[in-house]
Amino acid sequence: MIFFFFSLYLVAVGLGGHKPCIQAFGADQFDGRNPVECIAKSSFFNWWIFGVFSVTIVTQSVLSYIQDNLNWGLGFGIPCIGMILGLLLFLLGTRTYRYSVKGHERGPFMRIGQVFIAAAKNWLATPSSIATEDLAGGTLQQQDSQHFKFLNKALLAQDDSKGNGRQCTIDDFEEAKAVLRLFPIGATCLAYAIVYAIVYAQSSTFFTKQGFTMDRSIGSGFDIPAASLQAFIGLSIVLIIPIYDRIFVPIARTLTRKPSGITMLQRIGTGMFLSGISMVIAALVEMKRLKTAQEHSLVDVPNATLPMKVWWLLPQYILFGITDVFTVVGLQEFFYDQVPTELRSVGLALCHCIFGVGSFLSSFLISGIEKATGGDGQHSWFNNNVNRAHLDYYYWVLAGLSAVGLSLYLYFARSYIYNRGRAL
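Printed below as a string of C-alpha cells:
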C-alpha cells in the first residue's frame, strides 16, 4: 500500500513539472513577431486541448474496459508504455526545436523583486516627481503609470534624481506591474474554478445519482449507464473546438480586426457566463425531476425509475464542455501570454493552481452546506435519497457564485492593460 501511494505522489510530482512546461514549450515554437505565426499560436491552445480530450475519451473508454474485465496491472501498464513512447518521440525532435538564447542578465524573479525593493526604499519620495521624464519621453505609458502607483517610486534614483542612480529599468518596472495585474483576474476566476471542480468531481456522484433515477432506456432492452453521460463533456469539447477555431474565429476576426477574433479576457468572460447558465439549467432540470417524483408518489422510492428521460441532463453537460473551450483555453493562453517571457511556464502553473485551489474550496463549500442543511433532523441538500435531497438549491447557489465571480471579473477586466501592447 505504501508503494502504491508513493507511486501516486510521483505521478503528481511528474504532472506538476510536465503540464505547464510542455504546453509553454510548444507555444514557444511560434514566433510572436511574425503575424502568421502569431495567429497560429492562438490556435495552438485550441488544438492542444482538442488533442488532450480526444485521447482522453478514447483511453478512458478502452482502459476502463481493460481494468474492469482483464487486469488492473495491464490497465496501468499501457499508460506507462505510452508515456515512455511519448518521451522518446519528444527527444527525437530535439534538434528541430526553437530555444530562447539567454544572456548573463538577471533572472526574472530577481528583476521583479528589485522593483519592489526599490519602491520600498523610495517610499517617502514625493509621488508627483515620479516617472515625469519617462512620461514626457514616451517610454512609460500614461495609463500604465496610473495602476499600482506605489511601484512608480521604484523609478526614482537613490538621490531622488533621474539618471544612472536608478535601481531598476523601465522593462523591470513593467514586468512587475504585469505580474501584479494577473492576480485580480486569477482571483475572480476562482468562482468559475469552484464550479468547474464541483462539476468534474461530482459528475460521478450527484449527476450520476440523478441519472440513475431517470429513464435511461434506448430502444428495447438496453439502458445506458448513468455514468456514461460524463463523456459528453469531453465529446462536446472535441466537437466545439474545430467550430470555434475554423468558423467562429474567422468571422469574429473580420468584425473586430483582431488576430484571435476576440481578446483573451473576452473569451474567458464568455466561458464564465456560460458556466453560470449551465448551473441555472442544472437547477431547472433538477426542479422538474423532483416535481416528477412528487407527482408519481416516488419520493420515498429512491431506486424507482422516474418517467423522465435522462437526456434532460444532456444540455448542462454539453454547455459546461463549451465553457471549457472558452474559459479553460482562454486562461491558459492568457497566463502564457501576459507574464514576462521567462516566466511563461510559471504562468501556466499559476493557471493550473487556480483550478487546484478551486477544488479545495469546493470541498469546503460542500462540507459547509452539508453541515448547515443536515441538522435538527432535516433532510440535507445531499440526502442519500436523491428524491429527498435538494440539489436544485445547491445548483442555484453555484449559479449565484458564478454571477458574483463574473461581476468581479468584469470589473477588473475592464481596467486591465495588456502586457506588451497586445490584446489578442
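Just so you know, we're using this note's numbering here: the sequence shown kicks off at 96 and counts up by one.
Ideal placement from N, C-alpha and C gives every residue a C-beta, glycine not left out.
Just so we're clear, the structure is a prediction, and the values are computed from it rather than from any experiment.
N- and C-terminal bounds of the alpha helix (DSSP H) containing residue i
{"i": "R311", "result": "Note, R311: premise wrong, no alpha helix (DSSP H); not H, not E."}
{"i": "R384", "result": "359–390"}
{"i": "K272", "result": "265–283"}
{"i": "F245", "result": "Looking at the DSSP string, F245 is not in any alpha helix (DSSP H), and its letter there is neither H nor E."}
{"i": "R201", "result": "Element bounds for R201: n/a, residue is neither H nor E."}
{"i": "F415", "result": "409–418"}
{"i": "S510", "result": "Element bounds for S510: n/a, residue is neither H nor E."}
{"i": "K114", "result": "97–122"}
{"i": "P174", "result": "167–187"}
{"i": "G451", "result": "439–468"}
{"i": "I328", "result": "326–338"}
{"i": "G425", "result": "424–432"}
{"i": "T351", "result": "344–351"}
Cβ neighbours of residue i in the same chain (closer than 7 Å, five flanking residues each side left out)
{"i": "N141", "result": "I336, Y339, D340, V424"}
{"i": "F268", "result": "V210, L246, A249, L250"}
{"i": "G394", "result": "Per the sequence presented here, residue 394 reads as Val, with Gly not at that position. The residues are A388, N482, R483."}
{"i": "G89", "result": "As displayed, the chain neither begins before 96 nor continues past 519, which places residue 89 out of reach and without an answer."}
{"i": "Y511", "result": "R276, I280, L360"}
{"i": "T151", "result": "G329"}
Same chain, Cβ closer than 6 Å to residue i, five either side skipped, listed in chain order
{"i": "L445", "result": "F430"}
{"i": "C284", "result": "I449"}
{"i": "G416", "result": "I328, S331, I332"}
{"i": "I342", "result": "none"}
CA-to-CA distance, residue j to residue i, given in whole angstroms
{"i": "M205", "j": "W476", "result": "50 Å"}
{"i": "T358", "j": "Q427", "result": "13 Å"}
{"i": "D266", "j": "N129", "result": "22 Å"}
{"i": "I319", "j": "L401", "result": "15 Å"}
{"i": "T300", "j": "V481", "result": "11 Å"}
{"i": "F125", "j": "I161", "result": "39 Å"}
{"i": "Y194", "j": "N398", "result": "59 Å"}
{"i": "P345", "j": "V131", "result": "14 Å"}
{"i": "L379", "j": "R311", "result": "19 Å"}
{"i": "A135", "j": "I117", "result": "17 Å"}
{"i": "K386", "j": "G316", "result": "27 Å"}
{"i": "G183", "j": "L105", "result": "Note that residue 183 is Leu in the sequence shown, not Gly. If you take the alpha carbons of L183 and L105, they lie about 20 Å apart."}
{"i": "N478", "j": "G356", "result": "46 Å"}
{"i": "I334", "j": "V157", "result": "It should be pointed out that residue 334 corresponds to Leu in this sequence rather than to Ile. Rounded to whole angstroms, L334 to V157 spans 20 Å at the Cα level."}
{"i": "E437", "j": "L275", "result": "16 Å"}
{"i": "N217", "j": "C263", "result": "12 Å"}
{"i": "H485", "j": "S323", "result": "23 Å"}
{"i": "N514", "j": "T303", "result": "43 Å"}
{"i": "L169", "j": "F99", "result": "15 Å"}
{"i": "G463", "j": "G500", "result": "19 Å"}
{"i": "H474", "j": "T468", "result": "7 Å"}
{"i": "A273", "j": "A214", "result": "16 Å"}
{"i": "V420", "j": "Y504", "result": "18 Å"}
{"i": "G172", "j": "Y506", "result": "48 Å"}
{"i": "N166", "j": "I97", "result": "21 Å"}
{"i": "Y412", "j": "F148", "result": "15 Å"}
{"i": "S137", "j": "R352", "result": "15 Å"}
{"i": "D123", "j": "N164", "result": "42 Å"}
{"i": "T191", "j": "L180", "result": "18 Å"}
Whole-Å CB distance - residue i paired with residue j, under 8 Å assumed
{"i": "G121", "j": "F139", "result": "6 Å"}
{"i": "S497", "j": "Y287", "result": "7 Å"}
{"i": "Q155", "j": "L277", "result": "Not a contact, Cβ separation roughly 33 Å."}
{"i": "L369", "j": "T418", "result": "4 Å"}
Whether residue i touches residue j by CB criterion (7 Å)
{"i": "M367", "j": "T422", "result": "yes"}
{"i": "E390", "j": "D487", "result": "no"}
{"i": "A377", "j": "Y490", "result": "yes"}
{"i": "P203", "j": "S440", "result": "no"}
{"i": "L408", "j": "G306", "result": "yes"}
{"i": "A494", "j": "G371", "result": "yes"}
{"i": "M309", "j": "M403", "result": "yes"}
{"i": "L443", "j": "A107", "result": "no"}
{"i": "G453", "j": "I289", "result": "yes"}
{"i": "E270", "j": "P410", "result": "no"}
{"i": "P354", "j": "C175", "result": "no"}
{"i": "A508", "j": "L360", "result": "yes"}
Residue i CB to nearest heavy atom of the ligand ADP below 6 Å
{"i": "R483", "result": "In the structure on display, the ligand ADP does not appear, and there are no ligands present to speak of."}
Beta carbon proximity, residue i to chain C, threshold 7 Å
{"i": "K114", "result": "No chain C appears in this structure, which consists of one protein chain only."}
Residues near residue i by beta carbon distance below 8 Å, same chain, minus five either side
{"i": "R348", "result": "P354, S355, G356"}
{"i": "V405", "result": "G306, M309, D310, R311, I319, A321, L324"}
{"i": "E465", "result": "S475, W476, F477"}
{"i": "I78", "result": "There is simply no residue 78 to check, as the chain begins at 96 and stops at 519 in what is shown."}
{"i": "R384", "result": "Q305, T308, M309, L401, M403, W407"}
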